[in-house]
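Engineer:
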Amino acid sequence: MKNIILLSLLFFQAYCIAQENPIIDLQISKLNGSIKSIQEFHLDTKANTVSQTNSNVNNYKESIDNFPIYKRFFNEKGYETEYHEYDSIGLLIGKTEYLLDSEMKKLKSKHFNYVKNNFVVKKHNKSLVFLYDLKNRLSEMTSINIDLVTTKKIFIYNDKNNIIEIAYETEDGSYNGRTKYFYDKKGNCIKEITYTPIDNTIENIFIKRYNSYNYVSSLLKLNPGGLLLNTITYEYEYDSKNNWIIRFAKNENVIENITKRNIEYYSDLKHNELEEAESSVKKEELKIKNQLITNEEDSYKIREIQEQLKNNKKEKP
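Here it is as structure tokens:
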């Protein structure tokens, strides 16, 4: 039961962060800098026999890179254009491409399976269709499978453009559950209440607390009556742009899992390109310099030979 609760808490945290705004852009995802891609790795320390003690957490580095779970790609304006997904043993299994309009709104998606080193469209793949309101906010997201069976999410916002409710509908438009979101003054999602699809009663309550970087520091799960069921705490390591790159999830002060993020920045790529260009220029300058030295040496040798020939002529009777 403890593990089940933990998994649901971890799922909630990832879900809530992603759904604070359904358009996964860099600002909403709390990512800083001009990011080209972000790949996430996840390691269950119990399942993979990695040390759970603080003194030996570096042991995970030998294992975690074998367990990627997704990779997102962004354009230079900060909007997601592509998503890669991996299976439980870290193998690439598919990708989703997003069609964006001129305002960077997602219009629809196309899904591919990864088969024999190639991305192919398969009949069972679903597609997503996105609709927007007059304020350019996502209002509906419809999922359509090969049998044309549709499910729908309807988004409701407050005056600060934060999602305060997501309602779920089945193919015939029937109610299929809902989730309510609550925010602090900084726009952080601090509370979530899920309701059952059967009788619209409270199913779970989640409370989130944040650190000074506005990342989740603790996650509490409560039952419908408000009784605390479990608490997960989080500790982070950050890169130079204050994006977290390592996250430790602890349950009762024991590390339950570790998440790592590899972040690729456009600025780093441009810096590398500049360094390569500068290196190329320096190589060319050195080549020219060496050539000039060589030419100068050749000229000196020619003059020396000419002088020797001249002297030889003088020595002849």
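For reference, each letter of the sequence shown is one residue, going -18 to -1, 1 to 299 in mature numbering (1 follows the signal peptide of the UniProt record, and there is no 0). Glycine included, each C-beta is placed from N, C-alpha and C at the ideal position. Bear in mind that the values here come from a model prediction, so they are computed numbers and not experimental data.
Whose C-alpha, out of Y163, K167, K168, G169, is nearest the C-alpha of T176?
Structural biologist: If you number the sequence shown from 1, residue 176 lands on position 194. When each option's Cα is compared against that of T176, the closest is Y163.
Engineer: Our contact map puts L120 next to F137 with C-beta atoms below 8 angstroms; I'd like the distance itself, whole angstroms only.
Structural biologist: In the sequence shown, counting from the first residue as 1, residue 120 sits at position 138. In the sequence shown, counting from the first residue as 1, residue 137 sits at position 155. With 8 angstroms as the limit, L120 and F137 qualify as a contact, their Cβ atoms being about 6 angstroms apart.
Engineer: List the DSSP bridge partners of P50.
Structural biologist: Here residue 50 refers to the residue found at position 68 when the sequence shown is read from its first residue. The partner list for P50 (beta bridge, DSSP) reads F23.
Engineer: Using C-beta distances below 8 angstroms, list every residue in its chain close to T132, excluding the 5 sequence neighbours before and after it, in chain order.
Structural biologist: One-based indexing of the sequence shown puts residue 132 at position 150. Taken in chain order, the residues that qualify are T124, S125, I126, E153.
Engineer: So E153 is in the beta strand (DSSP E); what residue range does that whole segment cover?
Structural biologist: On the sequence shown, position 171 is the one that residue 153 refers to. Taken as a continuous stretch (DSSP letters only), E153 belongs to no beta strand (DSSP E), as it is neither H nor E.
Engineer: CA-CA distance, L74 and N95?
Structural biologist: Within the sequence shown, residue 74 is the residue found at index 92, counting from 1. Within the sequence shown, residue 95 is the residue found at index 113, counting from 1. If you take the alpha carbons of L74 and N95, they lie about 9 angstroms apart.
Engineer: With a CB to CB cut of under 6 angstroms and the five nearest residues on each side skipped, what residues in its chain are close to N244?
Structural biologist: Your numbering for residue 244 matches position 262 in the sequence shown. Q21.
Engineer: Which partner residues does V236 have in the DSSP bridge list?
Structural biologist: Looking up residue 236 in the sequence shown gives position 254. The partner list for V236 (beta bridge, DSSP) reads N233.
Engineer: Can you check DSSP and say which residues form a bridge with M123?
Structural biologist: The residue labelled residue 123 in the question sits at position 141 within the sequence shown. In the DSSP output, where bridge partners are listed per residue, M123 has F112, K135.
Engineer: Where does L251 sit, in a helix, a strand or coil, going by DSSP?
Structural biologist: One-based indexing of the sequence shown puts residue 251 at position 269. Reduced to three states, the DSSP call for L251 is helix.
Engineer: Evaluate T183 with the Cβ neighbour count: other Cβ atoms within 10 Å of its Cβ, from every protein chain shown; 16 or more gives buried, anything less gives exposed.
Structural biologist: Translated into the one-based positions of the sequence shown, residue 183 becomes position 201. With fewer than 16 other Cβ atoms within 10 Å, it is exposed.
Engineer: What is the residue span of the beta strand (DSSP E) that Y65 lies within?
Structural biologist: Position 83 of the sequence shown, counting from 1, holds the residue named residue 65. 62 to 68 is the span of the beta strand (DSSP E), which, as asked, contains Y65.
Engineer: With DSSP collapsed to three states, give me the class of V198.
Structural biologist: Here residue 198 corresponds to residue number 216 of the sequence shown, with the count starting at 1. Looking at V198 - three-state DSSP - the assignment turns out to be strand.
Engineer: Whole angstroms are fine: how far does the CA of Y248 sit from the CA of N100?
Structural biologist: The count along the sequence shown starts at 1 and reaches residue 100 at position 118. The count along the sequence shown starts at 1 and reaches residue 248 at position 266. Their Cα atoms are separated by approximately 26 angstroms.
Engineer: Out of F55, S70, K59, which one is the CA nearest neighbour of T78?
Structural biologist: Along the sequence shown, read from residue 1 onward, the residue named residue 78 stands at position 96. Checked all of F55, S70, K59; the closest Cα to T78 is F55.
Engineer: DSSP three-state label for E213, please.
Structural biologist: Translated into the one-based positions of the sequence shown, residue 213 becomes position 231. Glu is not the amino acid found at residue 213; the sequence shown has Thr there. In this structure, T213 counts as strand in the three-state DSSP scheme.
Engineer: Judging by CA-CA distance, which residue of N118, V102, K108 is the nearest neighbour of residue 314?
Structural biologist: Beyond the ends of the chain as shown, which are -18 and 299, falls residue 314; an answer cannot be given.
Engineer: Which of helix, strand or coil does DSSP assign to L(-10)?
Structural biologist: On the sequence shown, position 9 is the one that residue -10 refers to. Note that L(-10) scores a pLDDT of 43, beneath 50, so its modelled location is shaky; the value from the coordinates is reported in the next line. It is helical.
Engineer: Near D47, which residues of its chain fall below 7 angstroms by C-beta distance, leaving aside the five closest residues on each side in sequence?
Structural biologist: On the sequence shown, residue 47 is found 65 positions in, with the first residue counted as 1. The residues are F23.
Engineer: May I ask which residues mark the beginning and end of the beta strand (DSSP E) holding residue 302?
Structural biologist: Because the chain is modelled from -18 through 299, residue 302 falls outside the range shown and cannot be assessed.
Engineer: May I have the straight-line CA-CA distance separating Y157 from L251, to the nearest angstrom?
Structural biologist: As a first step, residue 157 is located in the sequence shown; it is residue number 175 there, counting from the start. As a first step, residue 251 is located in the sequence shown; it is residue number 269 there, counting from the start. Rounded to whole angstroms, Y157 to L251 spans 47 angstroms at the Cα level.
Engineer: Hey, does K242 have any beta-carbon neighbour from chain C nearer than 8 angstroms?
Structural biologist: The structure shown has no chain C; it contains just one protein chain.
Engineer: Using CA atoms only, rank isn't needed, just tell me which of H66, W226, L204 is closest to E185.
Structural biologist: Reading the sequence shown from its first residue, position 203 is the one you call residue 185. For the residues H66, W226, L204, the minimum Cα distance to E185 belongs to L204.
Engineer: Measuring CB to CB, does K12 end up less than 8 angstroms from N196?
Structural biologist: Residue 12 sits at position 30 when you count from the first residue of the sequence shown. Residue 196 sits at position 214 when you count from the first residue of the sequence shown. Yes, these two residues count as a Cβ contact at 8 angstroms.
Engineer: Given this structure, state the Cα-to-Cα distance separating I227 from Y218, to the nearest angstrom.
Structural biologist: The count along the sequence shown starts at 1 and reaches residue 227 at position 245. The count along the sequence shown starts at 1 and reaches residue 218 at position 236. Rounded to the nearest angstrom, the two C-alpha atoms are 7 angstroms apart.
Engineer: Between Y114, K59, G72, which lies nearest to K53 when the distance is taken from Cα to Cα?
Structural biologist: Counting from 1 along the sequence shown, the entry for residue 53 is found at position 71. The shortest Cα separation from K53 among Y114, K59, G72 belongs to G72.
Engineer: Determine the direct distance from the alpha carbon of F112 to that of D26, and round the result to whole angstroms.
Structural biologist: In the sequence shown, counting from the first residue as 1, residue 26 sits at position 44. In the sequence shown, counting from the first residue as 1, residue 112 sits at position 130. Approximately 34 angstroms between the Cα atoms of the pair.
Engineer: If you reduce the DSSP assignment to three classes, tell me which class N57 lands in.
Structural biologist: Taking the sequence shown and counting its residues from 1, one reaches residue 57 at position 75. N57: coil per DSSP, three-state reduction.
Engineer: Let me know the secondary structure DSSP gives K242 once reduced to three states.
Structural biologist: Here residue 242 refers to the residue found at position 260 when the sequence shown is read from its first residue. The answer is strand: DSSP assigns K242 an E or B state.
Engineer: Cutting at 6 angstroms between CB atoms, please list the residues of its own chain near Y220, excluding the five before and the five after it.
Structural biologist: As a first step, residue 220 must be located in the sequence shown, where it is residue number 238. Result list for Y220: W226, in chain order.
Engineer: Under the three-state reduction of DSSP, which class applies to I228: helix, strand or coil?
Structural biologist: Counted from its first residue, the sequence shown places residue 228 at position 246. Strand, per DSSP.
Engineer: What does the alpha-carbon distance come out to for the pair E58 and K92?
Structural biologist: On the sequence shown, position 76 is the one that residue 58 refers to. On the sequence shown, position 110 is the one that residue 92 refers to. Between E58 and K92, the C-alpha separation is close to 21 angstroms.
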